[in-house]
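> Before I ask anything, here is the structure I am working with.
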Amino acid sequence: MEETMTQPTKVAGFGRTLKSEEMVISMGPQHPSTHGVLRLELVVDGEIVVDVIPHIGYLHRCFEKHCEHMTNYQQVIPYADRMDYVAAMSNEFGYVVACEKLLKIKVPERVEYIRVIMAEFSRIVSHLIAIGTYGMDIGAFTPFLYCMRDRERVLDIFEQTCGARLLYNYMWIGGLSHDVPGNFSGKVKDFCRYFRPKIRELNDLLSYNKIFIKRTANVGVLPADVALNYAVSGPVLRGSGVAWDLRKNDPYSVYDRFDFEIPVGKGLKGTVGDCWDRYMVRIHEMEQSVNIIEQAVDKLPAGDVASAIPKRIRPDAGDVYVRTETPKGELGYYIVSDGTATPFRVKVKSPCFVNLSALPAMCRGAMIADIVAVLGSIDIVLGEVDR
Amino acid sequence: MTAQEIVDSLKARFGDAVLEAKVDAFPDPWVKIAPASLREVCLFLRDDGGMLFDVLMCLSGMDYRGGKLGVVYHIDSTSKRHRIVLKTEVSEADPRVSSVESVWKTANWHEREAFDMYGVIFDGHPDLRRILMPDDWQGFPLRKDYQVPEFYNGMKVPY
Amino acid sequence: MKEFLLDLLHNEPLVYTLMAIVPLVWVVPFALFAVWWERKISAHMQDRLGPMRTGGYHGWAQTIADILKLIQKEDIIPSAADKKLFILAPYLVFAGSYAAYAAIPFSAAYVGSGINIGLFYIISISSLVVVGLLMAGWASNNKWSLFGALRSAAQIVSYEIPVALAILAVVMVTGSFDLQEINRQQSGWFWNWFLFQKFPFLFVGSLIYFVASLAEVNRTPFDIPEAESELVAGYHTEYGGMRFALLFLSEYANMFAVSAIATTLFLGGWNSPFGDWLAGPFWGVFWFLTKGMAFIFVQMWLRWTLPRLRVDQLMYVGWKVLIPFAFVVVIGVGFWVMALR
Numbered sequence: 000m001e002e003t004m005t006q007p008t009k010v011a012g013f014g015r016t017l018k019s020e021e022m023v024i025s026m027g028p029q030h031p032s033t034h035g036v037l038r039l040e041l042v043v044d045g046e047i048v049v050d051v052i053p054h055i056g057y058l059h060r061c062f063e064k065h066c067e068h069m070t071n072y073q074q075v076i077p078y079a080d081r082m083d084y085v086a087a088m089s090n091e092f093g094y095v096v097a098c099e100k101l102l103k104i105k106v107p108e109r110v111e112y113i114r115v116i117m118a119e120f121s122r123i124v125s126h127l128i129a130i131g132t133y134g135m136d137i138g139a140f141t142p143f144l145y146c147m148r149d150r151e152r153v154l155d156i157f158e159q160t161c162g163a164r165l166l167y168n169y170m171w172i173g174g175l176s177h178d179v180p181g182n183f184s185g186k187v188k189d190f191c192r193y194f195r196p197k198i199r200e201l202n203d204l205l206s207y208n209k210i211f212i213k214r215t216a217n218v219g220v221l222p223a224d225v226a227l228n229y230a231v232s233g234p235v236l237r238g239s240g241v242a243w244d245l246r247k248n249d250p251y252s253v254y255d256r257f258d259f260e261i262p263v264g265k266g267l268k269g270t271v272g273d274c275w276d277r278y279m280v281r282i283h284e285m286e287q288s289v290n291i292i293e294q295a296v297d298k299l300p301a302g303d304v305a306s307a308i309p310k311r312i313r314p315d316a317g318d319v320y321v322r323t324e325t326p327k328g329e330l331g332y333y334i335v336s337d338g339t340a341t342p343f344r345v346k347v348k349s350p351c352f353v354n355l356s357a358l359p360a361m362c363r364g365a366m367i368a369d370i371v372a373v374l375g376s377i378d379i380v381l382g383e384v385d386r
Numbered sequence: 000m001t002a003q004e005i006v007d008s009l010k011a012r013f014g015d016a017v018l019e020a021k022v023d024a025f026p027d028p029w030v031k032i033a034p035a036s037l038r039e040v041c042l043f044l045r046d047d048g049g050m051l052f053d054v055l056m057c058l059s060g061m062d063y064r065g066g067k068l069g070v071v072y073h074i075d076s077t078s079k080r081h082r083i084v085l086k087t088e089v090s091e092a093d094p095r096v097s098s099v100e101s102v103w104k105t106a107n108w109h110e111r112e113a114f115d116m117y118g119v120i121f122d123g124h125p126d127l128r129r130i131l132m133p134d135d136w137q138g139f140p141l142r143k144d145y146q147v148p149e150f151y152n153g154m155k156v157p158y
Numbered sequence: 000m001k002e003f004l005l006d007l008l009h010n011e012p013l014v015y016t017l018m019a020i021v022p023l024v025w026v027v028p029f030a031l032f033a034v035w036w037e038r039k040i041s042a043h044m045q046d047r048l049g050p051m052r053t054g055g056y057h058g059w060a061q062t063i064a065d066i067l068k069l070i071q072k073e074d075i076i077p078s079a080a081d082k083k084l085f086i087l088a089p090y091l092v093f094a095g096s097y098a099a100y101a102a103i104p105f106s107a108a109y110v111g112s113g114i115n116i117g118l119f120y121i122i123s124i125s126s127l128v129v130v131g132l133l134m135a136g137w138a139s140n141n142k143w144s145l146f147g148a149l150r151s152a153a154q155i156v157s158y159e160i161p162v163a164l165a166i167l168a169v170v171m172v173t174g175s176f177d178l179q180e181i182n183r184q185q186s187g188w189f190w191n192w193f194l195f196q197k198f199p200f201l202f203v204g205s206l207i208y209f210v211a212s213l214a215e216v217n218r219t220p221f222d223i224p225e226a227e228s229e230l231v232a233g234y235h236t237e238y239g240g241m242r243f244a245l246l247f248l249s250e251y252a253n254m255f256a257v258s259a260i261a262t263t264l265f266l267g268g269w270n271s272p273f274g275d276w277l278a279g280p281f282w283g284v285f286w287f288l289t290k291g292m293a294f295i296f297v298q299m300w301l302r303w304t305l306p307r308l309r310v311d312q313l314m315y316v317g318w319k320v321l322i323p324f325a326f327v328v329v330i331g332v333g334f335w336v337m338a339l340r
């Protein structure tokens, strides 16, 4: 069928008839602001961007093909980690919840609570990177290092729990690989006490800075109906004013037992759905994550984290689609089983892939500096976009 | 609406475009639609007052072995809180499916990926070209019978 | 100093050469020091340490090591670049920044060239930097460098107007372009400094000058020409090795030149803030350099605190905010001076 590959009808920069004042410039795969290997082809008229064409695939590591050659469903988990390498716990969470639904396994309560704590920590960690690098894109270099410093504290907790700082292989189908270390609740509460004032510090330094607001308010506006049509999710969707969070609207694990709010963009500094709204949603989400962590660690039940891990994983033939709320948005795993120990198909619907597809819709009439601002506010991780 | 009601409503309106339905499938009930009529069905599902499926959650290409490809659509309604799975099947010889890009814009990139990985051709897609693989790649990587090419532009592929 | 050397050596060309070398002796070690200082300041503001090892105590030899590394690098010129312009550009940028030192008095006894249109000369010669930047951006044959160079040219040219207007206000008060004369008129205690004279006009004028001079030297929040996050490195993307070192050092030279002018015009130059106590030709150098470094510290402080303005917002600030205020300052000072006559 290769010969009948359709000819592209509306082609990127090459083949496009440029008007004489337009220039095609490549925000190429290597660029300090594209958060990874992403190529944005910009057709610019002076400083105004007429069109943005993203080219992805530079970090495609064939996750889905690998899954079809695993000998075991558990072997997929280290690969799942590496998709969104910034918040690896969330990827694992989504996959194991999907597999447990397929296998009809019920995990112990302790496992559920620890998973929620780890997922919320990974939300904090991911948002710290998003906020820090966003500040750096806008030109404020210092908040990035403050965010890294706070992130190190969380990574210390991860390291004490499972031995790894960035890519964990911690959540297994049916349980966890290690139980939490001694004095876990003390360490977690220390962190929560330490972290709340840091969010205030970030607000003082970056969020309400006049120049930052000038650069991000009214830039990259994404209306709510366009957002839903593009199926964006996560802070991008909530920044556009849609109060949709899977932890409340389609709860999984034990999220329905916790009391937290869903921050939504209200257009306080500009229009609803601009970059500042998306950024502030992330700041507020960090605060809410700290709330959830404190509640979870208070109610942490006793138990064995490895008791429900199955010895042999051989699900019945069938398929399942489970979505979880990762820091980037709605991560969906569509797992098809044919009755053997090897997955037949694992399709990952990654939130960054979908959010990035909405980039051209957000960039109408922007300037080059705004493209950087919008891209930073979407918060993409190329590992997840390309899988 | 329950899955049975959705299926009945579709059958009533589209008749033989609805090829098969398994409402009691665990965990997600699914409906199989004829590939050529997908756009009309999806437009109805999005716009009808009782359905209001406004979000296409996931679009996956599939290779069912034996020369059969497929596409699986998971759609969801934020207002009505119901979801349904649509499936289609095509043969490798004529893998044409009508595109739902005009219904949900998010399908633009998802369909490009299904084309890239499986070779499913979406009729009516404005810009169907490869997305993850390089533009001049030969072959469709996620098919079950895919052989990794020896060389790509002079570079050895398997290492 | 000129008469002293003439008496000693009786050789005019030699004396003039020596006088010209003095700023160079200051500028180059200062640039090396400023790079280290910036790294240390930025590090401590960012809750880290900065260079610690090179040379022992707090990495003081770090910049020397960096310069040695840059000197011995391979000189790479992109094959499609405009060779002559590419090579010439860093020299122009350095020359434009350095030539301004000729008319800046470091102390009562030393000024490179005591011309009576000192300020006028300084403003004009430092515009040479724009030509150098444009050359660097164009000759690199790189679209991103071109963007950086064009933005830089627009920015520097636009912000020269508030700078010139702020300087004009001071010139109206002193009645002379000669920088030594301006220094002499600020002698005495610190309330004689022009910062506090004709209040609030010259105070506002000094703020305008300070903000506009940030734009002149491409420092954040006006560092769009070298905006690392957007343009990779702007106009000096394609430069490596010693050429880059020259561009980099001339940025710091420019920073100090601008700070030196600010100190001379508004902070009393080489005058001691305590009248006659701690005054004298050598103390003058100390006071001058200290005040200049204080300005540089504030410039660095701002760089690591504030985000960057977008280019149209920057133009807006220059044309629609600074220039009207600068006009008000000039008119206010003008009326004040006339009323005193």
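Respectively, the protein sequence lines represent chains B, A and G. Read in numbering that gives the first Met the number 0, the first sequence has 126 at position 127, and its numbers run on one by one without any break. Read in numbering that gives the first Met the number 0, the second sequence has 71 at position 72, and its numbers run on one by one without any break. Read in numbering that gives the first Met the number 0, the third sequence has 33 at position 34, and its numbers run on one by one without any break. Backbone N, C-alpha and C define an ideal beta-carbon position, used for all residues, glycine too.
1) So, does the CB of Ile-24(B) fall closer than 9 Å to a CB anywhere in chain G?
2) Chain B beta carbons: is any one of them nearer than 9 Å to that of Asp-177(G)?
3) Give the single residue among Asp-23(A), Trp-29(A), Ala-24(A) whose Cα lies nearest to the Cα of Val-17(A).
4) Taking the CB atoms as reference points, tell me whether Ser-399(B) and Asp-83(B) lie closer together than 9 Å.
5) Report all residues from its chain with a CB closer than 6 Å to the CB of Phe-105(G); omit the five preceding and five following residues, and keep chain order.
6) Would Thr-5(B) be called buried (16 or more neighbouring beta carbons within 10 Å of its own) or exposed?
7) Ignoring anything shorter than 4 residues, give me the alpha helix (DSSP H) runs that lie fully in the region 101-156 of chain B, in order along the chain.
8) What's the C-alpha gap between Ile-116(B) and Thr-263(G)?
9) Would you please verify whether the beta carbon of Phe-130(A) is less than 9 Å from any beta carbon of chain B?
10) With H, G and I counted as helix, E and B as strand and the rest as coil, what does DSSP make of Tyr-84(B)?
11) Which residue or residues does DSSP assign as beta-bridge partners of Pro-53(B)?
12) Name, going along the chain, the residues of the region 41-63 of chain A whose beta-carbon falls closer than 7 Å to a beta-carbon of chain B.
13) Would you tell me roughly how many angstroms separate the C-alpha atoms of Arg-340(G) and Gly-331(G), rounded to the nearest one?
14) Is there at least one Cβ from chain B nearer than 9 Å to Arg-80(A)'s Cβ?
15) Since Ala-88(G) contacts Ala-138(G) with CB under 8 Å, what's their CB separation in whole angstroms?
16) Compute the distance between the beta-carbons of Gly-95(G) and Ile-116(G), then report whether it is under 9 Å.
17) Please check if any C-beta of chain A sits within less than 9 Å of the C-beta of Asn-248(B).
18) Quick one: which chain G residues come within Cβ less than 8 Å of Ile-198(B)?
19) Report the partner residues of Ala-20(A) according to the DSSP bridge assignment.
20) Mind listing the chain G neighbours of Met-366(B)? Cutoff is C-beta to C-beta under 9 Å, in chain order.
21) Does the beta-carbon of Gly-147(G), which I'm using as the reference point, lie nearer than 8 Å to any heavy atom of the ligand ADP?
22) Tell me which residues of the region 38-64 of chain B have at least one Cβ-Cβ distance to chain G shorter than 8 Å, keeping chain order.
23) Just to confirm my understanding: we take Leu-165(B), look at its own chain, exclude 5 residues before and 5 after, and list those with CB closer than 7 Å. What are they?
24) Residues of chain B with CB under 9 Å from Asn-107(A), in chain order?
25) Just the C-alpha distance for Phe-393(B) and Pro-300(B), rounded to the nearest angstrom, thanks.
26) I need the boundaries of the beta strand (DSSP E) containing Phe-121(A), first residue and last residue.
27) List, in order along the chain, the chain G residues whose C-beta lies closer than 7 Å to that of Ala-139(B)?
28) Looking at C-alpha atoms only, which residue of Ile-172(B), Asp-297(B), Phe-157(B), Lys-197(B) is the closest neighbour of Asp-149(B)?
29) Where does Ser-96(G) fall in DSSP's three states?
30) Run the CB neighbour count on Met-337(G), radius 10 Å, all protein chains shown included, and call it buried at 16 or more, exposed below.
31) Roughly how many angstroms lie between the CA atoms of Val-71(A) and Ala-163(B), to the nearest whole one?
32) What do you get for Val-54(A), buried or exposed, if any count of 16 or more other CB atoms within 10 angstroms of its CB means buried?
33) Ordered along the chain, which non-local residues of its own chain (more than five positions away) have a Cβ less than 7 Å from that of Lys-1(G)?
34) Tell me, which residues are paired with Arg-214(B) by DSSP?
35) Once you ignore the five residues that flank Val-102(A) on each side, which residues in its own chain have a CB closer than 6 Å to its CB?
36) Could you please give the first and the last residue of the uninterrupted alpha helix (DSSP H) stretch that includes Ser-184(B)?
So, from the data block:
1) Counting from one through the first sequence, the residue named residue 24(B) turns up at place 25. Yes, Ile-24(B) lies at the interface with chain G (some Cβ there is under 9 Å from its Cβ).
2) Mapped onto the third sequence, residue 177(G) falls at position 178. No, Asp-177(G) does not count as interfacial toward chain B.
3) On the second sequence, position 18 is the one that residue 17(A) refers to. Of the candidates Asp-23(A), Trp-29(A), Ala-24(A), the one whose C-alpha sits nearest the C-alpha of Val-17(A) is Trp-29(A).
4) Only positions 0 to 386 of chain B appear in this structure, which leaves residue 399(B) out of reach.
5) On the third sequence, residue 105(G) is found 106 positions in, with the first residue counted as 1. Contacts found: Val-284, Phe-287.
6) Counting from one through the first sequence, the residue named residue 5(B) turns up at place 6. The pLDDT assigned to Thr-5(B) is 38, lower than 50, so where the model puts this residue is not dependable; a value taken from the coordinates is nonetheless given after this. By the neighbour-count rule (16 or more Cβ atoms within 10 Å), Thr-5(B) is not buried but exposed.
7) Note on the region 101-156 of chain B: whole alpha helix (DSSP H) runs with a minimum of 4 residues are 108-137, in chain order.
8) Your numbering for residue 116(B) matches position 117 in the first sequence. Your numbering for residue 263(G) matches position 264 in the third sequence. Taking the straight line from one Cα to the other gives about 60 Å.
9) Position 131 of the second sequence, counted from the first residue, corresponds to residue 130(A). Before going further, note that residue 130(A) is Ile rather than Phe in the sequence given. At least one chain B Cβ lies under 9 Å of Ile-130(A).
10) Against the first sequence, residue 84(B) aligns to sequence position 85. Looking at Tyr-84(B) - three-state DSSP - the assignment turns out to be coil, as it is neither helix nor strand.
11) Position 54 of the first sequence, counted from the start, is the residue given in the question as residue 53(B). In the DSSP assignment, Pro-53(B) is bridged to Leu-39(B).
12) Asp-53, Val-54, Leu-55, Met-56, Cys-57, Ser-59, Met-61
13) Here residue 340(G) corresponds to residue number 341 of the third sequence, with the count starting at 1. Here residue 331(G) corresponds to residue number 332 of the third sequence, with the count starting at 1. Taking the straight line joining both Cα atoms gives about 15 Å.
14) If you number the second sequence from 1, residue 80(A) lands on position 81. Closer than 9 Å to some Cβ of chain B, the Cβ of Arg-80(A) qualifies, so yes.
15) As a first step, residue 88(G) must be located in the third sequence, where it is residue number 89. As a first step, residue 138(G) must be located in the third sequence, where it is residue number 139. The pair is a contact, with the Cβ atoms about 6 Å apart (cut-off 8 Å).
16) Looking up residue 95(G) in the third sequence gives position 96. Looking up residue 116(G) in the third sequence gives position 117. Not a contact, by the Cβ cut-off of 9 Å.
17) Within the first sequence, the letter at position 249 stands for residue 248(B). Yes, Asn-248(B) lies at the interface with chain A (some Cβ there is under 9 Å from its Cβ).
18) Looking up residue 198(B) in the first sequence gives position 199. Chain-order list of chain G residues neighbouring Ile-198(B): empty, with the shortest C-beta distance near 16 Å, by a criterion of under 8 Å.
19) Indexing the second sequence from 1 puts residue 20(A) at position 21. Ala-20(A) pairs with Val-30(A).
20) Counting from 1 along the first sequence, the entry for residue 366(B) is found at position 367. When 9 Å is used as the limit between beta carbons, Met-366(B) is near these residues of chain G: Arg-309, Val-310, Asp-311, in chain order.
21) Questions concerning the ligand ADP fall outside what the structure shown contains, since it holds no ligand whatsoever.
22) Of all residues in the region 38-64 of chain B, Glu-46 have a Cβ within less than 8 Å of some Cβ in chain G.
23) As a first step, residue 165(B) is located in the first sequence; it is residue number 166 there, counting from the start. Within the same chain, Leu-165(B) has close Cβ partners Tyr-84, Ala-87.
24) Residue numbering aside, residue 107(A) sits at position 108 when the second sequence is read from its first letter. Per Cβ cutoff of 9 Å: Tyr-229, Ser-356.
25) No answer is possible for residue 393(B): it lies beyond the span of chain B, which begins at 0 and ends at 386.
26) Residue mapping note: residue 121(A) aligns to position 122 of the second sequence, counting from 1. Taken as a continuous stretch (DSSP letters only), the beta strand (DSSP E) holding Phe-121(A) covers 120-122.
27) Residue numbering aside, residue 139(B) sits at position 140 when the first sequence is read from its first letter. What Ala-139(B) touches in chain G: Leu-305, Pro-306.
28) The residue you call residue 149(B) lines up with position 150 of the first sequence. It is Lys-197(B) whose Cα lies nearest to the Cα of Asp-149(B).
29) Here residue 96(G) refers to the residue found at position 97 of the third sequence. Helix at Ser-96(G).
30) Within the third sequence, numbered from 1, the residue matching residue 337(G) stands at position 338. Counting Cβ neighbours within 10 Å, Met-337(G) comes out exposed, since fewer than 16 surround it.
31) Position 72 of the second sequence, counting from 1, holds the residue named residue 71(A). Position 164 of the first sequence, counting from 1, holds the residue named residue 163(B). Approximately 36 Å, taken between the alpha carbons.
32) Along the second sequence, one-based indexing puts residue 54(A) at 55. Val-54(A) is buried by the Cβ-count criterion.
33) The residue given as residue 1(G) occupies position 2 in the third sequence. Taken in chain order, the residues that qualify are Val-14, Met-18.
34) By 1-based counting over the first sequence, the position of residue 214(B) is 215. BP columns for Arg-214(B) are empty, so no partner.
35) Taking the first residue of the second sequence as 1, we reach residue 102(A) at position 103. Excluding residues within five positions, the ones whose Cβ falls inside 6 Å are Cys-41, Leu-42, Arg-45.
36) Position 185 of the first sequence, counting from 1, holds the residue named residue 184(B). Ser-184(B) -> alpha helix (DSSP H) spans 183-201.
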